[in-house]
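In case it helps, our numbering puts the sequence shown at residues 51 to 469. The structure appears below as structure tokens.
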Amino acid sequence: VLRGWGTKAELLSLKLKKPELVLIFIEKLNLPQRKKQAQKPAIENVKINTTRALSSFLMLLKVWLGDRRDGGEGSARKFVIDQIKETFPELIGFDDDVIVGKICDQSSYFYGLWKLLDIEIVVCILPFIQWTEGDFLPFLNLFPIMVQMVSYSGKSTAIKAFMLKMFVLQWYATKHPDILKTMGQNCTILVETMIEYHNSRMAYMVPSKVPSLNIDHYKKASCLRAAFDQLKRSITNEPTKKKQSERMRQLNMVNSKASVATVVEFKSLVTDKFVAILKALKNGTLPESDYANSCWPVVERLKIGQDKLNKTLTDMVGFYAEYKVLAADPAHPLAKYLRSAKVTVKLMKEELRRGGVTPPPNNNKPLHAQWLFEHIRDNPLLGKPLNYEGEFPASDCSFVPPQVQVQVQAADVMDVTCL
Numbered sequence: 051v052l053r054g055w056g057t058k059a060e061l062l063s064l065k066l067k068k069p070e071l072v073l074i075f076i077e078k079l080n081l082p083q084r085k086k087q088a089q090k091p092a093i094e095n096v097k098i099n100t101t102r103a104l105s106s107f108l109m110l111l112k113v114w115l116g117d118r119r120d121g122g123e124g125s126a127r128k129f130v131i132d133q134i135k136e137t138f139p140e141l142i143g144f145d146d147d148v149i150v151g152k153i154c155d156q157s158s159y160f161y162g163l164w165k166l167l168d169i170e171i172v173v174c175i176l177p178f179i180q181w182t183e184g185d186f187l188p189f190l191n192l193f194p195i196m197v198q199m200v201s202y203s204g205k206s207t208a209i210k211a212f213m214l215k216m217f218v219l220q221w222y223a224t225k226h227p228d229i230l231k232t233m234g235q236n237c238t239i240l241v242e243t244m245i246e247y248h249n250s251r252m253a254y255m256v257p258s259k260v261p262s263l264n265i266d267h268y269k270k271a272s273c274l275r276a277a278f279d280q281l282k283r284s285i286t287n288e289p290t291k292k293k294q295s296e297r298m299r300q301l302n303m304v305n306s307k308a309s310v311a312t313v314v315e316f317k318s319l320v321t322d323k324f325v326a327i328l329k330a331l332k333n334g335t336l337p338e339s340d341y342a343n344s345c346w347p348v349v350e351r352l353k354i355g356q357d358k359l360n361k362t363l364t365d366m367v368g369f370y371a372e373y374k375v376l377a378a379d380p381a382h383p384l385a386k387y388l389r390s391a392k393v394t395v396k397l398m399k400e401e402l403r404r405g406g407v408t409p410p411p412n413n414n415k416p417l418h419a420q421w422l423f424e425h426i427r428d429n430p431l432l433g434k435p436l437n438y439e440g441e442f443p444a445s446d447c448s449f450v451p452p453q454v455q456v457q458v459q460a461a462d463v464m465d466v467t468c469l
């Protein structure tokens, strides 16, 4: 390979590094060049683990809404509104929402920062804190907005998963409110850390290789685990340790005395930006400042997410319509695949069971696939989206996009009109 390029000593005298030497080989051998990686903005290269991100969001929530989480005295939200009234006395006498709206109309940077703190972070963090503390209702009421925020990402699988979960919640609210009531009464243990901890303990009680593993194995293991723990405590006299979820531990850490200085720094970081924007607006220097409208253009994430949600809904309805036509034609070349598709079995078997349709009493996947194929062929479309009006299926009412509400008022029952 090196013949004709000089002697080995001459090449070594150049003191080329490995990447440079590889480039020479690629050029001499006429090999295809490696594609250059696209340069990402610096903000996209920032990486943070989940625990640190959640701690930061909890800090921002505490700073923005205050200790009572109402946006009252002592909160950054109240401070910003007071600064607006002090900077623009002509706005005194208007409601807080009107005052903020007038400033947002003049500065897209102010609008984006306010929306991030007052809507997006609040929607993503506050309901889960209230869930951890025993109030499940805020999560149910704000879940449609979470679906819009997830839909903004454009990831079709995530959009479909959240949309179907939203329909399930609506079905629970209208047909089985007892399920939501049970979930609400036990919401403090229905968190991922508690479930993961329980599953890790069950792993020692359930054999690793069990044919036809089912729920009965885990019921037996749960009973054995509880009896074993009780026997161990009676022998060792160890006190029972109360387990806390990771979210509750982080919440206690944010509210501890050790975090006071950090909370003060977070508050200065937030309020200083709002004060600088208001001063630039007052002096007329906003276009030349670091907070110009071009630095934070208006992006309606919730509206864009709703548009993507509607498109996904229409695509899903069309997909199921084509699926039904395909399943009704045994001569179609894909019919054989549908009869043996494991994915079809996994996705639809449990949903059909919940709908009152009982599959064959065996674990033979090909037979289940055959049964599903025949059932789809002989019955109307199952699992159609609720409250949807389109070419297929027909319905009496149209799909109503959820209304964005920043503050959720407590109610005796879940409001499902936005679902």
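From the three backbone atoms N, C-alpha and C, an ideal C-beta is built for every residue, glycine too.
A92 burial status per 10 Å Cβ neighbour count (16 or more: buried): For this step, residue 92 is matched to residue 42 along the sequence shown. Exposed is the label assigned to A92, since fewer than 16 other Cβ atoms lie within 10 Å of its Cβ.
message: Quick check on T232: buried or exposed, where buried means 16 or more other Cβ atoms within 10 Å of its Cβ?
response: Residue numbering aside, residue 232 sits at position 182 when the sequence shown is read from its first letter. T232 should be labelled exposed.
message: Between M366, S157, F129, P257, which has its C-alpha nearest Y341's C-alpha?
response: Sequence index remark: in the sequence shown, residue 341 carries index 291 (1-based). The candidate whose alpha carbon is nearest that of Y341 is S157.
message: Using a Cβ-Cβ cutoff of less than 8 angstroms, which residues in the same chain neighbour I142 once the five nearest sequence positions on both sides are dropped?
response: Against the sequence shown, residue 142 aligns to sequence position 92. Excluding sequence neighbours, I142 sits near K135.
message: I'd like the list of long-range same chain contacts for G124, defined as Cβ closer than 7 angstroms, with 5 residues on each side in sequence excluded.
response: Walking along the sequence shown from the start, residue 124 turns up at place 74. Answer for G124: G116, D117, listed in chain order.
message: Determine whether the beta carbon atoms of A271 and M255 lie at a separation below 8 angstroms.
response: In the sequence shown, residue 271 corresponds to position 221, counting from 1. In the sequence shown, residue 255 corresponds to position 205, counting from 1. Less than 8 angstroms separates the beta-carbon of A271 from that of M255.
Start and end residues, alpha helix (DSSP H) containing P188: Taking the first residue of the sequence shown as 1, we reach residue 188 at position 138. Run containing P188: 187-201, per the alpha helix (DSSP H) assignment.
query: Going by beta carbon distance, what residues of the same chain come within less than 7 angstroms of H267, once the five residues before and after it are set aside?
result: Against the sequence shown, residue 267 aligns to sequence position 217. Result list for H267: V256, V260, in chain order.
F129, enclosing alpha helix (DSSP H) - first and last residue: Start at 1 with the first residue of the sequence shown, and residue 129 comes out as number 79. From DSSP, the alpha helix (DSSP H) with F129 extends over 126-137.
message: I'd like to check one pair, E296 with T42: are the Cβ atoms closer than 8 angstroms?
response: Because the chain in this structure spans residues 51 to 469, residue 42 falls outside the shown range and cannot be described.
L281, buried or exposed, once every other Cβ within 10 Å from all chains shown has been counted against 16: Position 231 of the sequence shown holds residue 281. With fewer than 16 other Cβ atoms within 10 Å, it is exposed.
message: DSSP three-state label for C237, please.
response: Position 187 of the sequence shown, counting from 1, holds the residue named residue 237. Correct three-state label for C237: coil.
- request: Taking only the alpha-carbon atoms, compute the straight-line gap between S105 and V172 and give it to the nearest angstrom.
  value: Against the sequence shown, residue 105 aligns to sequence position 55. Against the sequence shown, residue 172 aligns to sequence position 122. Take the alpha-carbon of S105 and the one of V172: they are about 14 angstroms apart.
- prompt: Just the Cα atoms here: how many angstroms apart are E170 and M298?
  reply: Here residue 170 refers to the residue found at position 120 of the sequence shown. Here residue 298 refers to the residue found at position 248 of the sequence shown. Between E170 and M298, the C-alpha separation is close to 21 angstroms.
query: In whole angstroms, what separates the C-alpha of L73 from that of K90?
result: Position 23 of the sequence shown holds residue 73. Position 40 of the sequence shown holds residue 90. So the alpha carbons of these two residues sit roughly 24 angstroms apart.
field: Close beta carbons around K358, own chain, < 8 angstroms, minus the five adjacent residues each side
entry: For the purposes of this step, residue 358 is taken as residue 308 along the sequence shown, with counting starting at 1. If you ignore the 5 residues before and after K358, its C-beta comes within less than 8 angstroms of the C-beta of S201, Y202, G204, I209, all in its own chain and listed in chain order.
E315 versus P289: straight-line alpha-carbon distance, rounded: As a position in the sequence shown, residue 315 is number 265, starting the count at 1. As a position in the sequence shown, residue 289 is number 239, starting the count at 1. E315 and P289: Cα-Cα distance of roughly 39 angstroms.
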